[in-house]
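Residue numbers (this note's numbering), protein chains in the order written: chain D, 28 to 142; chain W, 48 to 157.
Inspection log for the structure reproduced underneath, given as C-alpha cells.
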Amino acid sequence: AQSVAQPEDQVNVAEGNPLTVKCTYSVSGNPYLFWYVQYPNRGLQFLLKYITGDNLVKGSYGFEAEFNKSQTSFHLKKPSALVSDSALYFCAVRDRNNAGNMLTFGGGTRLMVKP
Amino acid sequence: EAQVTQNPRYLITVTGKKLTVTCSQNMNHEYMSWYRQDPGLGLRQIYYSMNVEVTDKGDVPEGYKVSRKEKRNFPLILESPSPNQTSLYFCASSLGGIQYFGAGTRLSVL
Chain D
28 AQSVAQPEDQ VNVAEGNPLT VKCTYSVSGN PYLFWYVQYP NRGLQFLLKY ITGDNLVKGS
88 YGFEAEFNKS QTSFHLKKPS ALVSDSALYF CAVRDRNNAG NMLTFGGGTR LMVKP
Chain W
48 EAQVTQNPRY LITVTGKKLT VTCSQNMNHE YMSWYRQDPG LGLRQIYYSM NVEVTDKGDV
108 PEGYKVSRKE KRNFPLILES PSPNQTSLYF CASSLGGIQY FGAGTRLSVL
C-alpha cells in the first residue's frame, strides 16, 4: 500500500519570506512523487514531479521540491512567497511498480501568504 | 485548448435518484480517473480506466459505476445516491504520470 502524509493543515508565511510545505510518503517500491495546487473553485493543477535523477526538482511558478529517500520526504519550497501563492497544496505518490497508475494524495495543506 | 470538461458543475439531488456526471477530455489520453475530495482526506480515487473498455476500482468504489465506451468520455454513475456521497468530484486524464483535472462537480445528496 502507498500513503502520503502532509502534517500541517495550514502554513502561514509573510510575503517575501521563504516557504516550506511538508510531505512524507510510504511506498513498497520506488516512488514517483508529485505536487499539485488547487485554487478556489478550480481543479488541481500540476506543479512538479520527481521521477528519477536530481533530487532537487524545479517546477512552475518558482516552486521546487527536494526528494529525500532516507527521510521519505518530498517537501515543497519557494525562496520568496507571493500573496498569489495562497492556495491548497497536495502531495501525491505513485509506486513505480503500480501498473494501475494509481495516485495517492495527501490530505492537503492550505498555504496562506500574508502581505 | 487542452482540457478536461465535467458537467454539471453543481448538482443537488435526493437520496435514491440516479444521476450521471459526465467527463470528457480532448487530449487523446488513454488513462482517466475519478476522485472525490473531502475535507482533511485529500483526494481519493473512485475508479480509473487505462483504456477503452478497461476500468478498475480505486480506493473508494462502493456506490459508483463508470463506463469507458470511447477514449474521450468517462462518465461517473451513481445508481442510488446516498447522503454520504455528498462531496466534490474530480475527473482527470493522465499522460506521462501527470494528471490533468477537470474543474470539479459539487454534489449534494439530500
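Where is the CB? At the ideal position from N, CA and C, for every residue including glycine.
Remember, it's a predicted structure, so these values are computed and weren't measured experimentally.
Subject >> Own chain partners of K85 of chain D with C-beta closer than 8 Å, once the 5 adjacent residues on each side are dropped >> reply: L75 and E91
Original post:
From this set, D:G133, D:F117, D:D122 and D:S113, which residue's C-alpha is nearest V40 of chain D's C-alpha?
Top reply: D:S113
**OP:** Pull out every residue of the region 63 to 95 of chain D whose Cβ sits closer than 9 Å to any Cβ of chain W, in chain order.
**Re:** Y63, Q65, N68, R69, G70, L71, Q72, F73, K76 and I78
Subject >> Where K64 of chain W falls, given that 16 or more other Cβ within 10 Å makes a residue buried >> reply: exposed
Original post:
In this structure, what does DSSP give as the bridge partners for N98 of chain W?
Top reply: W:V101
Original post:
To which residues does DSSP link C118 of chain D through a beta bridge?
Top reply: D:W62
Original post:
Y78 of chain W bridges to which residues according to DSSP?
Top reply: W:S141
Subject >> Inter-residue spacing [alpha-carbon to alpha-carbon] between T152 of chain W and Y136 of chain W >> reply: 5 Å
Subject >> Exposure of M79 of chain W, with buried meaning 16 or more beta-carbon neighbours within 10 Å >> reply: buried
Original post:
By the criterion of Cβ-Cβ separation under 9 Å, what are the contact partners of R121 of chain D in chain W?
Top reply: G144
Original post:
Which residues, in chain order, does the region 129 to 153 of chain W contribute to contact with chain D at a C-beta distance below 7 Å?
Top reply: F137, S141, G144, I145, Q146, F148, G149, A150 and G151
Original post:
Listing by chain order, which chain W residues have their CB less than 9 Å from the CB of G135 of chain D?
Top reply: Q84, P86, G87, L88, G89 and L90
Subject >> Cα-Cα separation between S127 of chain W and P34 of chain D, rounded to whole angstroms >> reply: 36 Å
Original post:
Just checking my contact of S140 of chain W with V51 of chain W at CB under 8 Å: how many whole Å lie between their CB atoms?
Top reply: 6 Å
Original post:
Should G110 of chain W be flagged as near chain D, meaning a C-beta pair shorter than 8 Å?
Top reply: no
Subject >> Extent of the continuous beta strand (DSSP E) to which T136 of chain D belongs >> reply: T136 to K141
Original post:
I think P106 of chain D touches E42 of chain D, with their Cβ atoms under 8 Å apart; what is that distance to the nearest whole Å?
Top reply: Not quite, the Cβ-Cβ distance comes to about 12 Å (not below 8 Å), so this is no contact.
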